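Participant: Structure below; questions to follow.
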Amino acid sequence: MKKIYLFTLFMLSLSLIYAQTEISNFNATGAGYSTSSLTDYQCLGINPANLGWTWNEHSWNLGLLEAAISIYSEPLTKKQVMHDLFKESIELSYNEKQKAADDFTNARIWASGAVTWFGISYQQEKIGGFAFSIRDRGLWNSVLNDQAALFLFQGYNAPYFDVHIGDTGYSSKPQPASVVYKGTDLDFIWYREYNLGYGRKIIDEKDFLWYGGIGLKYLVGYGSAQYLQDDEGKLVAYSSLSPIFKVDYGKNAINPVTGKGLKKVGTGFGFDIGTTFKYKDLKVGLALNDIGSIKWTGNVFEGYNALADSVYLIETDGIDNYNIFAQGQLIVTDDASKSSQWQALDKKKVKIPMNLKSGASYKFSEKIEAGFDLYVPLGKPVPGRFESPIFGIGGKFTPVDWVQLNIGIVSGGKLGTNIPFGISLFPIKDDEKTWQIGVATRDMLTLFQKTDPTLSIAFGFLRFSFGHKETATRYLEK
Numbered sequence: 000m001k002k003i004y005l006f007t008l009f010m011l012s013l014s015l016i017y018a019q020t021e022i023s024n025f026n027a028t029g030a031g032y033s034t035s036s037l038t039d040y041q042c043l044g045i046n047p048a049n050l051g052w053t054w055n056e057h058s059w060n061l062g063l064l065e066a067a068i069s070i071y072s073e074p075l076t077k078k079q080v081m082h083d084l085f086k087e088s089i090e091l092s093y094n095e096k097q098k099a100a101d102d103f104t105n106a107r108i109w110a111s112g113a114v115t116w117f118g119i120s121y122q123q124e125k126i127g128g129f130a131f132s133i134r135d136r137g138l139w140n141s142v143l144n145d146q147a148a149l150f151l152f153q154g155y156n157a158p159y160f161d162v163h164i165g166d167t168g169y170s171s172k173p174q175p176a177s178v179v180y181k182g183t184d185l186d187f188i189w190y191r192e193y194n195l196g197y198g199r200k201i202i203d204e205k206d207f208l209w210y211g212g213i214g215l216k217y218l219v220g221y222g223s224a225q226y227l228q229d230d231e232g233k234l235v236a237y238s239s240l241s242p243i244f245k246v247d248y249g250k251n252a253i254n255p256v257t258g259k260g261l262k263k264v265g266t267g268f269g270f271d272i273g274t275t276f277k278y279k280d281l282k283v284g285l286a287l288n289d290i291g292s293i294k295w296t297g298n299v300f301e302g303y304n305a306l307a308d309s310v311y312l313i314e315t316d317g318i319d320n321y322n323i324f325a326q327g328q329l330i331v332t333d334d335a336s337k338s339s340q341w342q343a344l345d346k347k348k349v350k351i352p353m354n355l356k357s358g359a360s361y362k363f364s365e366k367i368e369a370g371f372d373l374y375v376p377l378g379k380p381v382p383g384r385f386e387s388p389i390f391g392i393g394g395k396f397t398p399v400d401w402v403q404l405n406i407g408i409v410s411g412g413k414l415g416t417n418i419p420f421g422i423s424l425f426p427i428k429d430d431e432k433t434w435q436i437g438v439a440t441r442d443m444l445t446l447f448q449k450t451d452p453t454l455s456i457a458f459g460f461l462r463f464s465f466g467h468k469e470t471a472t473r474y475l476e477k
C-alpha cells in the first residue's frame, strides 16, 4: 500500500451527516421529544409503533427533502466555524498553528445531520399503517490528544520529530502508538437506509390503547472509519471509504473500489421495534432502534498491531487552515513500509449504533402538548454512537390553526446543553389536504455565545398529507 493515512477519518463531507435523536424531522427538532409524538413516515427510525395512529385525519403522508445538519465545536469559536472552518484560502502563520494545536487538544468536534430524500405512508384504522423512506445518515466525531493535534497542524515541525531530511520528519526516540495517541478518538460513518415499517393497534379498551410496530432496513454504506483505544488499551482502527473521499489506497486493496464520486463500499441490514401506550391524553413510547450491522467490503483496511509499533516519521508540515475535513489526509504518521501497521481485508462487519429511546407526552388541550425523551446508546463504541445518554424535555404550542411553535431543552451526549426552537406553518390545512413547512435550530443559546457553539438547522418545505380516513383517530381518540 502506497500510503495509509492515520487520519483518513478527517475526510468528511459535512453535507450529509448523522443527525441527532429526532433524525431529519424538522417539526420535532425544536420540541426536544419525538418517541411518543411522531407518526407516519417520520416515525421510521424513532418508533415504528406510531404508525398505528395518525396526527390528523388523513390516510396518506408524503415528504421530500427533509434535512437537518449541525456541528458542535469546542476548539473553534462560533465565528471561526461560520467563516473559517471550510475556507481553504486562509493560511495560518506558525504562531497560529501553535495556537490551533493547543485549541484542538482534548477538544471535541461533532458534526451530525441527515436527509430524508423521500418518505411516504398509508395509515388505515383496521389494518394499521405502512411507511417507506429513503434517508442518508452520517456522523463525524473527533477528539485529539496533544500529540495528534500537534502533528495535524505542525507536522514535522512538532518537537516529537527532531530529525529532518527533506520534507520528512523523523523521531530519534520513537514511541509506541499506544503512548503517542492515547486519548485520541476519531470516527466517521455515512450510509443510506431504505426503511420499510409497519405498526398497528394491538389493544383497544376504554381509555387505553396499545400499539406495536417494526421497521426493516436495507443499508448501503458509503464510508466508515474509526481510530480509538478501548477500555483495555486495545486498538480499534479500520477504514473503508468511497472514492468520493479521494483516499490513496494504492494497489493493495483486496476489493478496490476506484473511480470518482459516490460509490458503495458496504451493505447491511437493520431493524427497529417499538411500542406506544396511550391512557386518556397521556402517551408513552419505547423503541429499540438500529439493531443490525454493515459489512464493509470495498477499500477495507484495519489497524493491525499498530499499538506495538513506533510512530517514526511524518511527511507533511501540517495543514494551513482549519478545514480538517478536507486536509486531514495530509497527515502521514506511520511508516508506510511497515505492513504490520495496516492490513488489507476483504470485508469487515461493524454494528450500527444501537440505541434505546423512551419518552412520554401529554396533551393538555388542542393547543398545548408537553413531553420528554431519553436516548440511551447501547453496545460497544462504533461510528455514529453517542458517548452518553441524552435527555430532552419541551413542548408544542399551536396559537392558531396554521402555526405550531416548539421549544425545549436537550442535554447529554457530551455535547453540552442546548435550547432547541422550531416553527411550522400550514399554508394549506383542511379536511382534504395539508401542506406543512418549517424550520428549526437545535440551539438558540448559540445566538448569544461565542464559544462551544452548536450551529444547526433543520428544515422541510415539501411535506403533505391527503386522503380521508374511514375512521378518524385524531389525537389517538376513537
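For the sequence shown, position 221 matches number 220 in numbering that gives the first Met the number 0, and the numbering has no gaps at all. In this text, a Cβ means the ideal position worked out from N, Cα and C, and glycines have one as well. Everything numeric in this text was worked out from a predicted model, so none of it was measured.
1) Examine the Cβ distances between the stretch 367-380 and the stretch 344-355 and report whether three or more of them are shorter than 8 Å.
2) Going by DSSP in three states, Ala-30 sits in which element: helix, strand or coil?
3) Looking at C-alpha atoms only, which residue of Thr-315, Leu-344 and Leu-281 is the closest neighbour of Phe-300?
4) Excluding five sequence neighbours on each side, which residues of the same chain lie with their C-beta closer than 6 Å to the C-beta of Phe-385?
5) Looking at C-alpha atoms only, which residue of Asn-55, Gly-137 and Gly-297 is the closest neighbour of Tyr-237?
6) In its own chain, which residues sit with a C-beta less than 6 Å from the C-beta of Tyr-321, not counting the 5 before and 5 after it?
7) DSSP puts Glu-301 in a beta bridge; with which residues?
8) Is Ala-457 helix, strand or coil when you go by DSSP?
9) Does the Cβ of Ile-45 have 16 or more other Cβ atoms within 10 Å, making it buried, or fewer, making it exposed?
10) So that I know if they touch, is there some Cβ in chain D lying closer than 8 Å to that of Phe-207?
11) Below 8 Å on the Cβ atoms is my guess for Leu-287 versus Asp-271; work out the distance and round it to an integer in Å.
12) Suppose you measure from the CA of Glu-192 to the CA of Trp-295; what does that come to, to the nearest Å?
13) Name the two residues that bound the continuous alpha helix (DSSP H) containing Lys-77.
14) Measuring only the C-alpha atoms, how far is Gly-391 from Tyr-361?
15) What number of angstroms, rounded off, separates the C-alpha of Asn-105 from the C-alpha of Gly-168?
16) Along the chain, where does the beta strand (DSSP E) containing Ala-66 start, and where does it finish?
17) Within the continuous alpha helix (DSSP H) that includes Glu-95, where are the two ends?
18) Using beta-carbon positions only, say whether Ala-110 and Ile-70 come within less than 8 Å of one another.
19) Would you kindly check if the distance between the Cβ of Asn-24 and the Cβ of Glu-65 is under 8 Å?
20) When the distance is taken between beta carbons, is Pro-419 closer than 8 Å to Gly-29?
21) The beta strand (DSSP E) with Phe-129 in it runs from where to where?
22) For Pro-47, tell me which candidate among Phe-276, Thr-416 and Pro-382 has the shortest Cα-Cα distance.
23) Classify Ile-436 as helix, strand or coil using the three-state DSSP reduction.
24) Among the candidates Lys-250, Thr-274, Arg-136 and Gly-317, whose CA atom is the shortest distance from the CA of Ile-201?
25) Roughly how many whole angstroms lie between the Cα atoms of Leu-312 and Val-162?
26) Identify, in the order they occur along the chain, each residue of the same chain with its Cβ nearer than 7 Å to the Cβ of Gly-260, setting aside the five sequence neighbours on each side.
27) Please identify the residue among Gly-118, Lys-181 and Ser-170 whose C-alpha is closest to the C-alpha of Leu-143.
28) CA-CA distance, Leu-424 and Leu-149?
29) On a CA-only basis, which of Ser-410, Pro-255 and Tyr-221 is nearest Lys-263? Give me that one, please.
30) Would you decide whether Trp-341 is buried or exposed? Buried here means 16 or more other CB atoms lie within 10 Å of its CB.
31) Just to confirm the assignment, what range does the beta strand (DSSP E) spanning Ser-177 have?
32) Would you mind reading off the limits of the beta strand (DSSP E) that contains Ala-113?
33) Residues in its own chain within less than 7 Å of Leu-329 by CB, not counting five upstream and five downstream?
34) From the DSSP output, read off the bridge partner residues of Gln-228.
35) For Phe-420, which three-state DSSP category applies?
36) Compare the Cα-Cα distances from Met-443 to each of Ile-422, His-467, Leu-240 and Asp-203 and report the closest residue.
Facilitator: Put simply:
1) yes
2) coil
3) Leu-344
4) Pro-376 and Gly-412
5) Gly-297
6) Asp-83 and Leu-84
7) Tyr-237 and Gln-342
8) strand
9) buried
10) Here chain D cannot be found, since the structure has a single protein chain.
11) 7 Å
12) 15 Å
13) 77-82
14) 15 Å
15) 24 Å
16) 57-72
17) 93-103
18) yes
19) yes
20) yes
21) 127-142
22) Phe-276
23) strand
24) Thr-274
25) 9 Å
26) Pro-242 and Ile-243
27) Lys-181
28) 48 Å
29) Tyr-221
30) buried
31) Careful: Ser-177 lies outside any beta strand (DSSP E), inside the alpha helix (DSSP H) at 176-179.
32) 107-123
33) Residue confidence for Leu-329 is low, a pLDDT of 41 falling below 50, so the modelled location carries little weight and cannot support an answer.
34) Leu-234
35) strand
36) Ile-422
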